[in-house]
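Take a look at the structure below.
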Amino acid sequence: MLLKDAFVIDVTGDGRNLVLSYGPCQFPTLGFIVERFWEIQAHEPEEFWTINCTHTSDEGTASFGWIRGHLFDYPCAVVLYEMCVEEPMATVQNVRNQEKLKYPPYPLSTLELQKRASRYFRMSSEHTMKVAEELYQAGFISYPRTETDNFSPNTDLHAIVREQVEHPVWGAYAHRLLTPEERLWRNPSNGGHDDKAHPPIHPTKFSRGESNWSPDHNKLYELVVRHFLACCSQPAVGAETTVEIDIAGEQFTASGRVVLAKNYLDVYRFDSWGGTLLPTYNIGQQFVPTTLTLDSGVTRPPPLLAEADLLSCMDKAGIGTDATMHDHIKKLLDRCYATKDENTRFSPTNLGEALVMGYDEMGYELWKPYLRSMMEADMKSVSIGTKSKSEVLESCLQQMKACFLDARVNKAKLLDAMGTFFARSSRPINETQNPVEAVRPCAACHESEMVLKQRQCRNVVWLPGFISEASVTNQVCPICTPGPVYKIQFKFRRRDIPPNFDVDHLGCVGGCDDILKELMEISRFGSRSQAATPARGRQTPNGARQGPPRQDLHTNIRPVGQLNNENPSVMHSQGFRSTHTQNPSNASGQVLCTSCGEPCILRIANTDANRGRKFYKCQDPGCGFFKWEDELENAMPGGRRGRGSSRQAPASASAGRRGGAQARGRRGRGRNADGGMFVSATGDTVSGCCFTCGDPSHFANACPNRR
Numbered sequence: 002m003l004l005k006d007a008f009v010i011d012v013t014g015d016g017r018n019l020v021l022s023y024g025p026c027q028f029p030t031l032g033f034i035v036e037r038f039w040e041i042q043a044h045e046p047e048e049f050w051t052i053n054c055t056h057t058s059d060e061g062t063a064s065f066g067w068i069r070g071h072l073f074d075y076p077c078a079v080v081l082y083e084m085c086v087e088e089p090m091a092t093v094q095n096v097r098n099q100e101k102l103k104y105p106p107y108p109l110s111t112l113e114l115q116k117r118a119s120r121y122f123r124m125s126s127e128h129t130m131k132v133a134e135e136l137y138q139a140g141f142i143s144y145p146r147t148e149t150d151n152f153s154p155n156t157d158l159h160a161i162v163r164e165q166v167e168h169p170v171w172g173a174y175a176h177r178l179l180t181p182e183e184r185l186w187r188n189p190s191n192g193g194h195d196d197k198a199h200p201p202i203h204p205t206k207f208s209r210g211e212s213n214w215s216p217d218h219n220k221l222y223e224l225v226v227r228h229f230l231a232c233c234s235q236p237a238v239g240a241e242t243t244v245e246i247d248i249a250g251e252q253f254t255a256s257g258r259v260v261l262a263k264n265y266l267d268v269y270r271f272d273s274w275g276g277t278l279l280p281t282y283n284i285g286q287q288f289v290p291t292t293l294t295l296d297s298g299v300t301r302p303p304p305l306l307a308e309a310d311l312l313s314c315m316d317k318a319g320i321g322t323d324a325t326m327h328d329h330i331k332k333l334l335d336r337c338y339a340t341k342d343e344n345t346r347f348s349p350t351n352l353g354e355a356l357v358m359g360y361d362e363m364g365y366e367l368w369k370p371y372l373r374s375m376m377e378a379d380m381k382s383v384s385i386g387t388k389s390k391s392e393v394l395e396s397c398l399q400q401m402k403a404c405f406l407d408a409r410v411n412k413a414k415l416l417d418a419m420g421t422f423f424a425r426s427s428r429p430i431n432e433t434q435n436p437v438e439a440v441r442p443c444a445a446c447h448e449s450e451m452v453l454k455q456r457q458c459r460n461v462v463w464l465p466g467f468i469s470e471a472s473v474t475n476q477v478c479p480i481c482t483p484g485p486v487y488k489i490q491f492k493f494r495r496r497d498i499p500p501n502f503d504v505d506h507l508g509c510v511g512g513c514d515d516i517l518k519e520l521m522e523i524s525r526f527g528s529r530s531q532a533a534t535p536a537r538g539r540q541t542p543n544g545a546r547q548g549p550p551r552q553d554l555h556t557n558i559r560p561v562g563q564l565n566n567e568n569p570s571v572m573h574s575q576g577f578r579s580t581h582t583q584n585p586s587n588a589s590g591q592v593l594c595t596s597c598g599e600p601c602i603l604r605i606a607n608t609d610a611n612r613g614r615k616f617y618k619c620q621d622p623g624c625g626f627f628k629w630e631d632e633l634e635n636a637m638p639g640g641r642r643g644r645g646s647s648r649q650a651p652a653s654a655s656a657g658r659r660g661g662a663q664a665r666g667r668r669g670r671g672r673n674a675d676g677g678m679f680v681s682a683t684g685d686t687v688s689g690c691c692f693t694c695g696d697p698s699h700f701a702n703a704c705p706n707r708r
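Numbering (this note's numbering), first residue to last: 2 to 708.
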């Protein structure tokens with residue numbers, strides 16, 4: 002009622018009176034949908050590379066996959082690929098032949114009926130239960146609300162099968178099942194669940210299809226009958242062959258399968274168990290692959306939750322029972338908290354996402370399944386006699402009262418979350434709103450202000466993880482439009498940024514701040530494990546969700562070598578840009594550290610590539626600054642490709658191949674003829690040095706400053 006008074010919420014579109022309610026089952030169910038949606042919105046595609054090879058003989062073609070799967074480091078992938086190209090002879094290392102069994106399903110419970118009807122026929126769980134109830138009322142199937150998935154020993158299974166012998170479609174299989182010579186019969190497996198009230202769902206009366214049945218009645222009856230016949234059948238039998246080969250030290254594998262006996266698959270048309278036939282290979286056999294390719298791909302986000310997957314999530318979390326889960330899902334659709342497309346996949350509406358955001362901001366996790374799962378476990382304890390009704394009732398009341406009191410205290414956070422998606426109404430409410438600091442007008446809608454807060458609205462500027470503090474100032478950026486765009490005082494985490502950057506920075510999120518964009522690029526390439534903040538999508542009039550164009554700080558980034566002449570930069574050999582514009586030396590000739598300003602000490606390198614070469618490094622062991630002496634006079638700005646530049650194979654990749662075991666022993670950082678090493682996914686070569694302190698006389702594994 003508070004939210005309906007505070008906001009203009011018209012999501013029904015048909016004039017219905019909207020009901021906003023919280024439920025300990027419906028909200029965790031909504032939480033699964035919103036959480037998956039946020040995961041999709043927060044996904045950052047990453048390019049990867051993999052090596053594939055095929056071999057064609059008189060017996061057919063075998064496709065071998067790389068046992069590494071794929072690599073995100075392009076130079077490493079190129080080095081390994083060139084190794085395989087230079088020595089392409091494949092040697093068969095192992096051949097495994099084994100028998101595989103594919104078992105039939107367990108007897109049919111309510112939950113499995115809903116999941117399989119959704120997966121096979123695109124039927125909603127609510128509609129599935131409606132049709133199943135009608136079939137049950139007409140006497141064609143057993144009671145459809147059951148958690149039991151194993152038959153009692155007293156059930157006459159042969160009699161149930163015998164009733165189906167006359168069916169024109171599966172009658173022949175039922176006859177084979179009852180024929181001892183076929184050796185097809187197998188008692189159903191025990192699924193491990195028994196509600197002590199009803200048997201698994203099975204056919205109770207024969208039918209070729211009734212005149213008053215809809216197509217969905219025919220489909221569901223067929224599913225029940227075929228499932229019952231399948232669970233009384235022998236498993237399918239197959240022969241699986243796995244071949245492992247070696248090419249220049251890299252392992253590849255191929256698998257093939259031949260189905261020897263289909264058994265239950267003959268009647269259960271919903272399952273498939275295909276495979277490919279491999280040519281014959283023998284251990285020690287050698288051959289040259291027909292094709293050997295280096296292929297690229299991009300990581301993809303998970304799909305939206307389908308109804309069958311949502312039911313599985315609810316079951317695992319203990320949300321509701323088999324007989325009530327479909328009601329909770331229907332409630333989300335009736336409340337306009339979520340929508341479902343033609344593929345039975347769910348998306349949250351603005352209303353559903355706002356509610357979950359609000360409860361999440363409260364920190365009480367009322368949208369998580371823990372509270373309801375605990376209640377379900379307590380009620381089960383009552384049913385088996387380990388707890389009393391009054392004890393569980395008192396515990397549940399105390400828990401829900403605590404939730405209510407907490408929500409009432411923190412309702413301003415719920416109002417903030419709703420304000421992200423809906424306009425305020427003219428009706429007054431007695432709520433104190435949290436003050437916000439406006440940064441700039443929204444460049445997407447040109448109507449609202451963008452504010453600095455932990456979770457943002459549909460159009461956001463993503464702040465990276467290396468920022469520890471941020472506050473809006475009253476200084477206006479003179480460059481960015483539409484204005485005014487207020488500058489932000491940032492404080493960076495020292496351990497997460499290169500040593501050449503200051504931890505305090507007055508920056509602009511409008512797109513003109515080169516230092517902030519540079520740090521974003523370094524963060525993108527240097528740390529792929531940072532958790533992304535869930536993005537917020539927008540709902541179109543037809544109910545489909547769309548994510549807005551994100552105003553990332555690193556859009557349209559130029560390579561460092563293309564920066565404007567007004568702000569020249571020096572690139573150190575680590576690949577980090579310095580904010581200083583001159584050589585790091587003072588008037589007395591001393592070389593100063595660009596991070597702390599202290600005089601540097603002179604040392605002599607002792608590596609094979611740079612032996613005898615002099616360099617300067619900071620006196621502070623924790624500082625990573627160093628500079629070659631012979632580079633001080635003619636410091637050349639280095640280049641590091643931007644995100645949009647094309648990837649090219651390094652010219653010295655073959656030199657890395659000649660490094661042999663040394664190149665592979667350092668996790669793909671192959672040393673080339675000039676002493677350079679391949680690093681990260683940027684495709685550039687940098688001088689060999691310790692990654693901890695920058696000293697080129699040793700590597701990080703032998704660094705005295707290693708912690």
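Built from N, CA and C at the ideal position, the CB exists for glycine as well.
Endpoints, the alpha helix (DSSP H) within which residue i is located
i      : result
TYR75  : 75-87
SER382 : 371-385
ARG163 : 158-163
SER389 : First-last for SER389: undefined, no H or E at that position.
VAL357 : 351-363
ARG37  : 27-42
LYS263 : No alpha helix (DSSP H) holds LYS263; DSSP gives it neither H nor E.
LYS615 : Element bounds for LYS615: not the alpha helix (DSSP H) but the beta strand (DSSP E), 615-618.
Helix, strand or coil at residue i according to DSSP, with G and I counted as helix
i      : result
ALA403 : helix
PHE229 : helix
HIS194 : coil
GLY172 : helix
ALA650 : For ALA650, the pLDDT reaches just 35, beneath the cut-off of 50, and the residue's location in the model is therefore unreliable, although a value from the coordinates is still provided. Three-state result, ALA650: coil.
ALA656 : Model confidence at ALA656 stands at a pLDDT of 34, short of 50, so the residue's coordinates are unreliable; what they give is reported in the following sentence. Helix at ALA656.
GLN115 : helix
PHE288 : strand
TRP186 : strand
MET130 : helix
ILE602 : strand
ARG709 : Outside the shown range of the chain (2 to 708) lies residue 709, about which nothing can therefore be said.
ALA120 : The sequence shown places Arg at residue 120, not Ala. ARG120 falls in the helix class under three-state DSSP.
VAL410 : helix
PRO442 : strand
GLU100 : strand
MET2   : coil
LEU72  : strand
ARG177 : helix
Beta-carbon contacts of residue i that lie in its chain and below 6 Å, excluding the five residues immediately before and after
i      : result
PRO485 : VAL477
THR242 : ASN98, GLY257 and LEU279
HIS228 : LEU109
TYR371 : none
ALA78  : TRP50 and LEU72
DSSP beta-bridge partners of residue i
i      : result
THR51  : ASP296
PRO236 : In the DSSP output, where bridge partners are listed per residue, PRO236 has none listed.
GLY257 : THR242
ASP505 : LYS492
ASP247 : THR92 and GLN252
ARG301 : Per DSSP, none; premise fails for ARG301.
ILE142 : PRO204
HIS56  : ALA63
GLN591 : DSSP output for GLN591 lists no bridge partner at all.
Cβ shell of residue i (< 8 Å), same chain only, five flanking positions each side left out
i      : result
GLY613 : ILE605 and ALA606
GLY140 : THR205 and LYS206
GLN165 : TRP171, GLY172, ALA175, PRO204, PHE207, VAL226 and LEU230
PRO290 : CYS54, THR55, HIS56, PHE65, PRO89, ALA91 and ILE248
Neighbourhood of residue i by C-beta, 7 Å cutoff - its chain only, sequence neighbours within 5 removed
i      : result
LEU185 : ARG177, LEU178, SER234, GLN235 and ASN264
PHE288 : HIS56 and ALA91
Element boundaries [beta strand (DSSP E), containing residue i]
i      : result
ALA339 : 339-341
TRP629 : 627-629
- Message: Which complete beta strand (DSSP E) runs does the region 456-496 hold, if anything under 3 residues is left out?
- Response: 468-477 and 487-493
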